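Student:
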Amino acid sequence: MWGQREEDTPVYAVVSAVADVTGDDPCDLPPLARVIDPDALNALFSSDSASEDTVVRFQYVGHTVVVTGAGDVEVLTEAEKEE
1 MWGQREEDTP VYAVVSAVAD VTGDDPCDLP PLARVIDPDA LNALFSSDSA SEDTVVRFQY
61 VGHTVVVTGA GDVEVLTEAE KEE
C-alpha cells in the first residue's frame, strides 16, 4: 500500500516507473499534471475509500500507466497493449 513519505506516493511511483521504462531521467519527463491531477491521484490512493481493486489507467509519454490500490504501477509499452 501507499505510505505517507513522498517516495511512497502514487505520483512518485508513476514518474519513477515511466522513467525506468523510457530510460529518461525523471526530471526530464513532462509534468504529470499535463495528463492527470497528481494531488487527486495521491488523495485517491491514500484514502480509506481506495481498495486493492481500485484501478486508474491513463496515458503518459506514449505509454499506458496502470496504478492499483494494491500499490502497483505498471507501464505498458505499445507491444504489451496489443497482447
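Under full-length UniProt numbering, residues 1 to 83 are what the sequence shown spells out, in order. All C-beta atoms in this analysis are idealised placements derived from N, C-alpha and C, irrespective of residue type, glycine included. Nothing here was measured: the structure is a model prediction, and the numbers come from that model.
Can you look up Asp52 in the DSSP assignment and give me helix, strand or coil?
Tutor: According to the sequence provided, residue 52 is Glu. The question's Asp does not apply to it. In the structure shown, Glu52 sits in coil (DSSP, three-state: anything other than H, G, I, E or B).
Student: For a quick check, are the C-beta atoms of Val73 and Ala17 less than 7 Å apart?
Tutor: A contact, by the Cβ cut-off of 7 Å.
Student: Could you say if the stretch 20-37 and the stretch 47-54 meet the contact criterion of at least three C-beta pairs nearer than 8 Å?
Tutor: Counting Cβ pairs under 8 Å, fewer than three are found: no touch.
Student: Within this structure, are the beta carbons of Val56 and Val67 separated by less than 7 Å?
Tutor: Contact flag set, yes.
Student: Quick check: what's the CA-CA separation for Glu78 versus Gln59?
Tutor: So the two alpha carbons sit approximately 11 Å from each other.
Student: Near Thr54, what residues of its chain come up, given a Cβ to Cβ distance below 6 Å and the 5 sequence neighbours on each side ignored?
Tutor: Hits under 6 Å: Gly69.
Student: Helix, strand or coil: which one does DSSP assign to Val35?
Tutor: Looking at Val35 - three-state DSSP - the assignment turns out to be coil, as it is neither helix nor strand.
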